[in-house]
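Working notes, beginning with the structure itself.
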Amino acid sequence: DGGITQSPKYLFRKEGQNVTLSCEQNLNHDAMYWYRQDPGQGLRLIYYSQIVNDFQKGDIAEGYSVSREKKESFPLTVTSAQKNPTAFYLCASSIDGTVRSTQYFGPGTRLTVL
Amino acid sequence: AQSVTQPDIHITVSEGASLELRCNYSYGATPYLFWYVQSPGQGLQLLLKYFSGDTLVQGIKGFEAEFKRSQSSFNLRKPSVHWSDAAEYFCAVGGGRRGSTLGRLYFGRGTQLTVWP
């Protein structure tokens, strides 16, 4: 089955700790995205990447970091600098990252800071 | 800058009734418009999209949307709602930087749909 997998589904973190969220796709898509979702705020773009070894900041990149060493993987690290990290995180991919290309979403990871 | 407004935070309809979810966008050029649906605790699923051509677009699950350039709107409709349609619905517009092929989506805040039996 082709698709996007995110792990873990639920993640708990103590304040001051970094944590990495996994996103893997086997759709052979070039572009990948990370969004943060908070109740009543829709989806906000954190980082996106059109090709391997290249990525761009989105609207709320502060306190987050990413890497794109492989086409199929785009892990997101939530650092201790992110002041309010509790949220639902969604990963997406699209075939070529252009405006016209449809984004396909993973099932999400819910991060809770204790 | 691109933006999307979904004026209705929460809509409640009875099963079998018709539905219209509103979406207004702000975009300088020809917009690429999308509607996504999200079930609780899940990712987003594409319902339909508009790039050009016929302004009435058909999607999955019996949904349709109409692009009206004069009103900067892309409203989602369904003639008869089923209980399984209860979910959150997001409108999005595609955009990018001038001179770059890299695109991104701008999402509205979503409309939560409740369906009464």
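Chains A and B supply the protein sequences, listed in that same order. Going by the working numbering, the residue at position 52 of the first sequence is 52; the numbering climbs one at a time, nothing skipped. Going by the working numbering, the residue at position 31 of the second sequence is 31; the numbering climbs one at a time, nothing skipped. Every residue gets a Cβ at the ideal spot worked out from N, C-alpha and C, and that includes glycine. None of these values were measured; they are calculated from a predicted model.
When the options are compared against residue i, the one with the closest alpha-carbon
i: valine 4 of chain B; options: B:Thr12, B:Arg22, B:Ala17; result: B:Arg22
i: phenylalanine 51 of chain B; options: B:Phe74, B:Tyr89, B:Ala86, B:Trp116; result: B:Phe74
i: phenylalanine 67 of chain B; options: B:Tyr106, B:Arg77, B:Lys61; result: B:Arg77
i: lysine 61 of chain B; options: B:Val81, B:Arg69, B:Asn24; result: B:Val81
i: leucine 113 of chain B; options: B:Glu88, B:Thr55, B:Gly59, B:Glu15; result: B:Glu88
i: threonine 111 of chain B; options: B:Cys91, B:Gly95, B:Pro31; result: B:Cys91
i: glutamine 56 of chain A; options: B:Gly96, B:Gln58, B:Ser14; result: B:Gly96
i: aspartate 54 of chain A; options: A:Ile60, A:Glu69, A:Ala61; result: A:Glu69
i: glycine 41 of chain B; options: A:Asp59, A:Asn28, A:Ala87, A:Leu114; result: A:Ala87
Rounded C-alpha distance that separates residue i from residue j
i: arginine 125 of chain B; j: threonine 98 of chain A; result: Residue numbering for chain B in the displayed model covers 1 to 117; residue 125 of chain B lies beyond these limits and cannot be assessed.
i: glutamine 6 of chain B; j: proline 39 of chain A; result: 14 Å
i: alanine 29 of chain B; j: leucine 11 of chain A; result: 41 Å
i: glutamine 38 of chain B; j: serine 67 of chain A; result: 27 Å
i: proline 117 of chain B; j: isoleucine 11 of chain B; result: 14 Å
i: valine 93 of chain B; j: glutamine 45 of chain B; result: 15 Å
i: leucine 19 of chain B; j: glutamine 2 of chain B; result: 26 Å
i: alanine 65 of chain B; j: leucine 111 of chain A; result: 34 Å
i: isoleucine 4 of chain A; j: glycine 43 of chain B; result: 10 Å
i: glutamine 17 of chain A; j: glycine 108 of chain B; result: 31 Å
i: tyrosine 50 of chain A; j: phenylalanine 74 of chain A; result: Looking at the sequence provided, one finds glutamine at residue 50 of chain A rather than tyrosine. Each residue's alpha carbon lies about 11 Å from the other.
Contacts around residue i, its chain only, beta-carbon distance under 7 Å, and the 5 residues preceding and following it disregarded
i: leucine 90 of chain A; result: Tyr35, Gln37, Leu43, Phe105, Gly106, Gly108
i: tryptophan 83 of chain B; result: Glu15, Val115, Pro117
Nonlocal neighbours in the same chain, by C-beta distance under 8 Å from residue i, ignoring five residues either side
i: serine 101 of chain A; result: Ala31, Ser94, Ile95
i: tyrosine 64 of chain A; result: Trp34, Ile46, Tyr47, Leu76, Thr77, Val78, Thr79, Gln82
Own chain, CB closer than 6 Å to residue i, minus 5 neighbours either side, in chain order
i: lysine 49 of chain B; result: Phe34
i: lysine 71 of chain A; result: Val52
i: serine 22 of chain A; result: Ser7, Pro75
i: glutamate 24 of chain A; result: Thr5, Glu72, Ser73
i: arginine 13 of chain A; result: Val19, Val113
Endpoints, the beta strand (DSSP E) within which residue i is located
i: threonine 109 of chain A; result: 109 to 113
i: glutamine 82 of chain A; result: That residue, glutamine 82 of chain A, is in no beta strand (DSSP E); it is neither H nor E in DSSP.
i: phenylalanine 12 of chain A; result: 10 to 13
i: valine 115 of chain B; result: 111 to 116
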